[in-house]
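Asks: One structure follows; several queries about it will come next.
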Amino acid sequence: MLYLDHSATTPILPEVKDKMMVYLTNEFGNPSGKYYELANNAKSAISNARSEISKLINSSEEEIIFTSGATESNNMALKGVADYYSAANKRHIITSKSEHSAVIDVCEFLESKGFNITYLDVDRYGRVNPRDLEKAINKDTLLVSIMWGNNELGSLNDVKELSEICKEQGVLFHTDATQVLGKTPIDWEEIPGVSFLSVSAHKMHGPKGVGALIIRKDQYGNLIPLTPLFHGGGQEKGIRSGTYSVHNIVGFGEAARIARVNLDDNIEQLYKLEEKLIAILKNKFGQQISFNSDHQNKLPGVINVRFIGLNNEVLLKKLSPIIAASTGSACSSAKPSHVLQATGLELSEVRESIRFSFSPYTNLDDIDIFYEL
Ligand code: PLP
Numbered sequence: 001m002l003y004l005d006h007s008a009t010t011p012i013l014p015e016v017k018d019k020m021m022v023y024l025t026n027e028f029g030n031p032s033g034k035y036y037e038l039a040n041n042a043k044s045a046i047s048n049a050r051s052e053i054s055k056l057i058n059s060s061e062e063e064i065i066f067t068s069g070a071t072e073s074n075n076m077a078l079k080g081v082a083d084y085y086s087a088a089n090k091r092h093i094i095t096s097k098s099e100h101s102a103v104i105d106v107c108e109f110l111e112s113k114g115f116n117i118t119y120l121d122v123d124r125y126g127r128v129n130p131r132d133l134e135k136a137i138n139k140d141t142l143l144v145s146i147m148w149g150n151n152e153l154g155s156l157n158d159v160k161e162l163s164e165i166c167k168e169q170g171v172l173f174h175t176d177a178t179q180v181l182g183k184t185p186i187d188w189e190e191i192p193g194v195s196f197l198s199v200s201a202h203k204m205h206g207p208k209g210v211g212a213l214i215i216r217k218d219q220y221g222n223l224i225p226l227t228p229l230f231h232g233g234g235q236e237k238g239i240r241s242g243t244y245s246v247h248n249i250v251g252f253g254e255a256a257r258i259a260r261v262n263l264d265d266n267i268e269q270l271y272k273l274e275e276k277l278i279a280i281l282k283n284k285f286g287q288q289i290s291f292n293s294d295h296q297n298k299l300p301g302v303i304n305v306r307f308i309g310l311n312n313e314v315l316l317k318k319l320s321p322i323i324a325a326s327t328g329s330a331c332s333s334a335k336p337s338h339v340l341q342a343t344g345l346e347l348s349e350v351r352e353s354i355r356f357s358f359s360p361y362t363n364l365d366d367i368d369i370f371y372e373l
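Per full-length UniProt numbering, residue 1 is the first one in the sequence shown, and the count goes up by one each step.
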């Protein structure tokens with residue numbers, strides 16, 4: 001079976017598993033312990049992982065706060081900012097209609113708590129027009145949350161421009177970069193307008209259940225403050241209490257190291273895979289398909305295709321013994337994609353659409369299976 005649902009999740013690499021196993025077995029210490037070797041070993045394992053992630057995104061190590069994944073990171077940024085600054089009486093938050101549910105649903109929750117939310121329209125590929133953001137910001141705007149790479153279409157927002165608009169207006173900016181990490185370079189120093197950035201390990205061959213929120217240091221060297229979601233032992237500078245998931249963090253670090261070392265080759269391979277599949281699909285299906293995803297300003301290795309007149313669920317079920325793909329976000333797969341609807345597709349067209357997403361480790365020859373459909 002050919003697995004082409006890497007935007008949903010990826011298998012962990014053998015090197016990642018091997019490193020993790022050490023901390024699931026012999027090295028079981030709690031890094032918050034003191035004096036004895038087991039605790040110190042766990043502490044330095046966390047510190048190595050932090051260093052690897054900081055190298056992948058060119059941030060400082062202090063700006064990395066480990067979480068259980070991007071859902072938690074998004075919740076931490078949005079709820080944490082909303083709560084911390086509520087006394088300042090700024091109650092307007094801007095997001096977009098093509099965000100992952102881990103942002104949209106948080107915004108809906110905040111709306112129920114009295115915040116005003118603007119959901120910006122997106123273009124036919126799911127991108128936000130920076131001019132629309134400029135127009136939407138007002139004196140009450142506290143935070144903007146706009147994703148970097150879309151999980152269903154792969155489209156990339158111009159996060160640099162969007163975040164600079166916010167910086168000029170004194171508005172905090174969060175971006176969900178879950179799909180971007182390891183697939184496109186992220187240079188934290190190059191995007192100073194981004195206050196918060198969410199990432200997750202399991203989209204780049206790391207383990208599930210670990211991610212991070214990257215929080216910008218202010219001019220005094222302090223992290224931009226927010227209210228923690230969890231209170232307790234004070235881990236991660238008190239921003240994220242809870243015993244460290246050492247093996248997961250170690251796995252995240254190793255996946256980040258491997259992604260950094262291979263980034264250019266990986267991107268090249270992802271483009272090759274996508275181009276080959278596009279060519280086969282065009283050749284085989286001609287006018288019976290159309291592409292929902294763009295070919296420019298997009299993450300490599302994600303394509304979204306409409307099979308005109310065919311129901312996507314029926315098609316995926318039929319394909320499932322040989323090809324695993326999806327209708328869109330794994331987290332909201334029961335509902336027709338809100339992302340595709342936001343791009344202007346009719347519900348009937350959404351129900352004909354399938355996402356294929358590759359890993360750099362997908363074998364180019366394996367794509368030949370599409371000839372047999
Ligand atoms: N944000 C985006 C864009 C995603 O694609 C995902 C994963 O599906 C998430 C957030 C949630 O990430 P996690 O599974 O780490 O909570």
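For each residue, glycine too, the CB sits at the ideal point set by N, CA and C.
1) Taking C-alpha atoms, which residue in Glu168, Glu346 and Glu161 lies nearest to methionine 147?
2) Whose C-alpha, out of Gly344, Lys298 and Phe358, is nearest the C-alpha of serine 326?
3) By a C-beta neighbour count over all protein chains shown, 10 Å radius and 16 as the cutoff for buried, is tyrosine 36 buried or exposed?
4) Which first and last residues belong to the beta strand (DSSP E) in which asparagine 304 is found?
5) Would you kindly report the start and end of the unbroken beta strand (DSSP E) that includes arginine 355?
6) Report the partner residues of histidine 92 according to the DSSP bridge assignment.
7) Less than 7 Å between the CB of histidine 100 and some heavy atom of ligand 1, yes or no?
8) Just to confirm, are alanine 256 and isoleucine 117 a CB contact at a threshold of 8 Å?
9) Using DSSP with H/G/I as helix, E/B as strand and the rest coil, what is leucine 2?
10) Whether or not the segment 121-130 and the segment 74-87 are in contact is what I'm after, with contact meaning three or more pairs of Cβ atoms, one per stretch, closer than 8 Å; do they touch?
11) Is the segment 173-186 touching the segment 136-153 in the sense that three or more CB pairs, one from each, lie closer than 8 Å?
12) Taking contact to mean at least 3 C-beta pairs separated by less than 8 Å, is the segment 239-249 in contact with the segment 27-34?
13) Within 10 angstroms of the Cβ of glutamine 296, are there 16 or more other Cβ atoms? Answer buried if so, exposed if not.
14) What did DSSP end up calling lysine 276 once you bin it into helix, strand or coil?
15) Taking only heavy atoms of ligand 1 into account, decide whether any of them is closer than 7 Å to the Cβ of asparagine 151.
16) With which residues is aspartate 368 paired in a DSSP beta bridge?
17) Span of the alpha helix (DSSP H) holding aspartate 218?
18) Going by CA-CA distance only, name the one from Glu27, Lys208 and Arg50 that's closest to asparagine 40.
19) If you measure between the beta carbons of serine 145 and leucine 78, is that distance less than 8 Å?
20) Would you say glycine 211 touches ligand 1, meaning its beta carbon is less than 7 Å from a heavy atom?
21) Under the DSSP definition of a beta bridge, which residues are partnered with leucine 223?
22) Within its chain, find whatever has a CB closer than 6 Å to the CB of leucine 354; leave out the 5 residues flanking it on each side and keep chain order.
23) Which of the three DSSP states is assigned to threonine 343 in this structure?
24) For the segment 30-67, list the alpha helix (DSSP H) runs that are entirely contained and at least 4 residues long, ordered along the chain.
25) Please classify phenylalanine 230: does DSSP put it in a helix, a strand, or coil?
26) For leucine 345 and valine 339, what's the separation of their Cα atoms in angstroms?
27) Quick check: what's the CA-CA separation for proline 11 versus asparagine 248?
28) So, using beta-carbon positions, are valine 210 and phenylalanine 173 closer together than 8 Å?
29) Quick one, which of Val16, Leu4 and Asn58 has its alpha-carbon nearest arginine 216's?
30) Using only the alpha-carbon positions, how far apart do glycine 80 and glutamate 349 sit?
31) Using 7 Å as the cut-off, classify the Cβ of histidine 6 as near or not near the heavy atoms of ligand 1, replying yes or no.
32) Quick check on this structure: which residue in Lys203, Val171 and Leu56 has the alpha carbon closest to the alpha carbon of arginine 91?
33) Terminal residues of the continuous alpha helix (DSSP H) containing threonine 175?
34) Could you check the C-alpha separation between alanine 8 and aspartate 105 for me, to the nearest Å?
35) Would a C-beta distance cut-off of 8 Å place tyrosine 371 and isoleucine 280 closer than the cut-off?
36) What do you reckon, is the C-beta of glycine 301 under 7 Å from a heavy atom of ligand 1?
Replies: Taking the definition as stated:
1) Numbered from its first residue, the sequence shown carries residue 147 at position 147. Closest in alpha carbon position to methionine 147, among Glu168, Glu346 and Glu161, is Glu161.
2) Your numbering for residue 326 matches position 326 in the sequence shown. The shortest CA-to-CA distance from serine 326 to any of Gly344, Lys298 and Phe358 is the one to Phe358.
3) The residue labelled residue 36 in the question sits at position 36 within the sequence shown. Counting the other Cβ atoms within 10 Å of the Cβ of tyrosine 36 gives fewer than 16, which makes it exposed.
4) Locating residue 304 in the sequence shown gives position 304, where the first residue counts as 1. Unbroken beta strand (DSSP E) run through asparagine 304: 302-307.
5) Numbered from its first residue, the sequence shown carries residue 355 at position 355. It spans 353-357 - the beta strand (DSSP E) in which arginine 355 sits, taken as one unbroken run.
6) Start at 1 with the first residue of the sequence shown, and residue 92 comes out as number 92. According to DSSP, which records beta bridges pairwise, histidine 92 is partnered with Asn116 and Thr141.
7) Residue 100 sits at position 100 when you count from the first residue of the sequence shown. Within the cutoff, so yes.
8) Position 256 of the sequence shown holds residue 256. Position 117 of the sequence shown holds residue 117. The answer is no: Cβ separation not under 8 Å.
9) Here the question's residue 2 lines up with position 2 in the sequence shown. DSSP places leucine 2 in strand when its eight states are reduced to three.
10) No: fewer than three Cβ pairs fall under 8 Å.
11) Output reads yes: the segment 173-186 touches the segment 136-153.
12) With a cut-off of 8 Å, the segment 27-34 and the segment 239-249 count as touching, because enough Cβ pairs lie within range.
13) Here residue 296 refers to the residue found at position 296 of the sequence shown. Exposed, because fewer than 16 other Cβ atoms sit within 10 Å of the Cβ of glutamine 296.
14) Residue 276 sits at position 276 when you count from the first residue of the sequence shown. Reduced to three states, the DSSP call for lysine 276 is helix.
15) As a first step, residue 151 is located in the sequence shown; it is residue number 151 there, counting from the start. The closest heavy atom of ligand 1 lies less than 7 Å from the beta carbon of asparagine 151.
16) Working through the sequence shown from its first residue, we reach residue 368 at position 368. Answer by DSSP bridge pairing: none, since aspartate 368 is not bridged.
17) Residue mapping note: residue 218 aligns to position 218 of the sequence shown, counting from 1. Premise fails: aspartate 218 is in no alpha helix (DSSP H) and is neither H nor E.
18) For this step, residue 40 is matched to residue 40 along the sequence shown. Nearest option by C-alpha distance: Glu27.
19) Residue mapping note: residue 145 aligns to position 145 of the sequence shown, counting from 1. Residue mapping note: residue 78 aligns to position 78 of the sequence shown, counting from 1. Using a Cβ distance threshold of 8 Å, serine 145 and leucine 78 count as a contacting pair.
20) Here residue 211 corresponds to residue number 211 of the sequence shown, with the count starting at 1. Using a cutoff of 7 Å, the CB of glycine 211 counts as near ligand 1, since one of the ligand's heavy atoms is closer than that.
21) Start at 1 with the first residue of the sequence shown, and residue 223 comes out as number 223. DSSP output for leucine 223 lists Lys217 as bridge partner(s).
22) As a first step, residue 354 is located in the sequence shown; it is residue number 354 there, counting from the start. Reading the sequence as shown, one finds isoleucine at residue 354 and not leucine. Cβ-Cβ distances below 6 Å link isoleucine 354 to Val305, Asn312 and Ala325 in the same chain, with the five nearest sequence neighbours on each side left out; the list follows chain order.
23) Position 343 of the sequence shown holds residue 343. Here threonine 343 sits in coil by DSSP.
24) As far as the segment 30-67 is concerned, its whole alpha helix (DSSP H) runs of at least 4 residues are 37-57.
25) Here the question's residue 230 lines up with position 230 in the sequence shown. The answer is coil: DSSP assigns phenylalanine 230 none of H, G, I, E or B.
26) For the purposes of this step, residue 345 is taken as the residue at position 345 of the sequence shown. For the purposes of this step, residue 339 is taken as the residue at position 339 of the sequence shown. Taking the straight line joining both Cα atoms gives about 9 Å.
27) As a working note, residue 11 is residue 11 in the sequence shown. As a working note, residue 248 is residue 248 in the sequence shown. Rounded to the nearest angstrom, the two C-alpha atoms are 14 Å apart.
28) Taking the first residue of the sequence shown as position 1, residue 210 is located at position 210. Taking the first residue of the sequence shown as position 1, residue 173 is located at position 173. Taking 8 Å as the Cβ cut-off, valine 210 and phenylalanine 173 do not qualify as a contacting pair.
29) The residue you call residue 216 lines up with position 216 of the sequence shown. It is Asn58 whose Cα lies nearest to the Cα of arginine 216.
30) Here residue 80 corresponds to residue number 80 of the sequence shown, with the count starting at 1. Here residue 349 corresponds to residue number 349 of the sequence shown, with the count starting at 1. Spanning the alpha carbons of glycine 80 and glutamate 349 requires a straight line of approximately 37 Å.
31) The residue given as residue 6 occupies position 6 in the sequence shown. Not under cutoff, so the answer is no.
32) Numbered from 1 along the sequence shown, position 91 holds the residue referred to as residue 91. Nearest to arginine 91 by alpha-carbon distance, out of Lys203, Val171 and Leu56, is Val171.
33) Position 175 of the sequence shown, counted from the start, is the residue given in the question as residue 175. No alpha helix (DSSP H) contains threonine 175, which is instead part of the beta strand (DSSP E) from 172-176.
34) Here residue 8 refers to the residue found at position 8 when the sequence shown is read from its first residue. Here residue 105 refers to the residue found at position 105 when the sequence shown is read from its first residue. Whole-angstrom Cα-Cα distance: 18 Å.
35) Sequence index remark: in the sequence shown, residue 371 carries index 371 (1-based). Sequence index remark: in the sequence shown, residue 280 carries index 280 (1-based). Going by C-beta atoms, tyrosine 371 is nearer than 8 Å to isoleucine 280.
36) In the sequence shown, counting from the first residue as 1, residue 301 sits at position 301. Not under cutoff, so the answer is no.
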